[in-house]
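Here the sequence shown is numbered in the numbering used here, starting from 60 and rising by one per residue.
Yeah, the Cβ is synthetic: ideal placement off N, Cα and C, and Gly gets one too.
Report on the following structure.
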Amino acid sequence: MNPRVPGIRSLHSPGPTRVPDAVMHAMQRPMMDLMDPRVGALIRACEDGMRWLLRARDAHVLFYAANGHGMWECVTANLAAPGRALLIAGGGHFSDSWAEQTEVLAQATGTEVLRTPHTEGHPFDAAAIEQALHADKAHRIAAVLVVHTDTSSGITSDLAAVRRALDAAKHPALFVVDLVASLAAEPFEMDALGVDVAMGASQKGLMCPPGLGVVAVNARALAFAEQHAGPRFYWDWVRRVSDMQYKKFCGTPPLAHLAGLEAALQLIAQESLAGVLARHRRLADAVHAALACWGTAGALKPLCKVAAARSSAVTAIEVAGGLDPEALRTVARERFQVAIAGGLGPLHGRVFRIGHLGDMSEATILGALAGVEAAMTVQGVPFGAGGVAAAARSLVEATA
Ligand SMILES: *Cc1c(COP(=O)(O)O)cnc(C)c1O
60 MNPRVPGIRS
70 LHSPGPTRVP
80 DAVMHAMQRP
90 MMDLMDPRVG
100 ALIRACEDGM
110 RWLLRARDAH
120 VLFYAANGHG
130 MWECVTANLA
140 APGRALLIAG
150 GGHFSDSWAE
160 QTEVLAQATG
170 TEVLRTPHTE
180 GHPFDAAAIE
190 QALHADKAHR
200 IAAVLVVHTD
210 TSSGITSDLA
220 AVRRALDAAK
230 HPALFVVDLV
240 ASLAAEPFEM
250 DALGVDVAMG
260 ASQKGLMCPP
270 GLGVVAVNAR
280 ALAFAEQHAG
290 PRFYWDWVRR
300 VSDMQYKKFC
310 GTPPLAHLAG
320 LEAALQLIAQ
330 ESLAGVLARH
340 RRLADAVHAA
350 LACWGTAGAL
360 KPLCKVAAAR
370 SSAVTAIEVA
380 GGLDPEALRT
390 VARERFQVAI
400 AGGLGPLHGR
410 VFRIGHLGDM
420 SEATILGALA
430 GVEAAMTVQG
440 VPFGAGGVAA
450 AARSLVEATA
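Written out as structure tokens, the structure is:
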């Protein structure tokens, strides 16, 4: 057994995130038989709540017992088609992983995977997406797949630019967005952006434990899947669009996770979506104010080089050569009870990340920043003094 931690251990990984008590309690509800009308009501509440959150009026909302990688596979299984192509916008570690995973499946179905180039520290290149669409005169590209917030670099890309690229090229490709890290943290409007498929997972801004995947599919995307039957069953959107609960989930629904999601959506509605998004922006700005102060000693800087693209969900901090962010994380977690994240893929050993999404307050953020400062002091990381005070000032100004 782990020894008890007095107070709280503050969780600042950008997923899984802190789960509010209301969500945990909801998940402890007794199980129900599948014909219980309360099951239908629970599912409808989650579907309607997700449509509300996604600003999607008519999209089909489908839930899977899966993580984000599962939802990537779900998208590919429904959109891969022989002789066609999927264009993945290069945007960092997550789009790279998505592309690698998609290539495995695409190979088996004769679908080509195209990628646009990417510069570290920058959002995806919308001009390169438009170029690829213009060059595709035969309209082989079935879908453009983009990650909204790249969690490894703390960068949020501009989805409206992808819409403009599709329109400018007059290309009929479907617009598919990975919202795993941005759902309920960054503004998103599925219908207004003309997004055809939006996918997410439970353990980040949705404040639920990992294990529930969600996808919203509009009529155009569903029609594409209908016309292109592939080797799929569990993931199949066409099979799942049904009024029958058992078909909707290809078996037994993950009832505890759905109960948790229902409670989480109620929390978001109580705070108001605008309030949730404004809080995320406010806390992210406070972290950046601390980082600007820390950086004056020359050893730390934001990985994101474009101020307007700084994510509301997570901040990636690049450390100078010779410093070990993994050792810093261990000290922060084990000695100061602040769990932060490390660098992924090519960023491993070069960055640490402070997650500020989900169930967070001014107090949790200031505590995390103070814990990181303490850990940096222990580790001899040079940093400009006064980061926590700068964050507090940023919060004072934001709420003034
Ligand atoms: C976390 C994340 C994923 C992967 O989700 P898992 O649940 O870990 O499989 C995919 N995309 C983005 C943008 C993420 O942040």
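Buried/exposed call for residue i, threshold 16 Cβ in 10 Å
i	result
residue 135	buried
residue 394	exposed
residue 92	exposed
residue 229	exposed
residue 432	buried
residue 147	buried
residue 365	exposed
residue 28	Absent from the structure is residue 28, since the part of the chain shown begins at 60 and ends at 459.
residue 95	exposed
residue 116	exposed
Residue i, DSSP secondary structure in three states
i	result
residue 69	strand
residue 409	coil
residue 139	coil
residue 114	coil
residue 171	strand
residue 86	helix
residue 359	strand
residue 119	strand
residue 378	strand
residue 404	helix
residue 276	strand
residue 352	helix
residue 161	helix
Residues near residue i in its chain [Cβ-Cβ closer than 7 Å; skip 5 each side]
i	result
residue 85	318, 319, 321, 322
residue 129	123, 272
Own chain partners of residue i with C-beta closer than 8 Å, once the 5 adjacent residues on each side are dropped
i	result
residue 369	213, 214, 215, 343, 347, 361, 363
residue 328	108, 111
residue 191	146, 173, 175, 200
residue 66	396
residue 438	382, 383, 386, 387, 390
Rounded Cβ spacing between residue i and residue j (contact assumed at less than 8 Å)
i	j	result
residue 422	residue 249	With 8 Å as the limit, residue 422 and residue 249 do not qualify as a contact, their Cβ atoms being about 33 Å apart.
residue 376	residue 359	6 Å
residue 266	residue 82	6 Å
Opposing strand residues paired with residue i [DSSP bridges]
i	result
residue 414	373
residue 124	271
residue 208	215
residue 237	206, 258
residue 147	174, 204
residue 397	69
Own chain residues within Cβ distance below 6 Å of residue i, not counting five before or after
i	result
residue 106	120
residue 294	133, 136
residue 355	443
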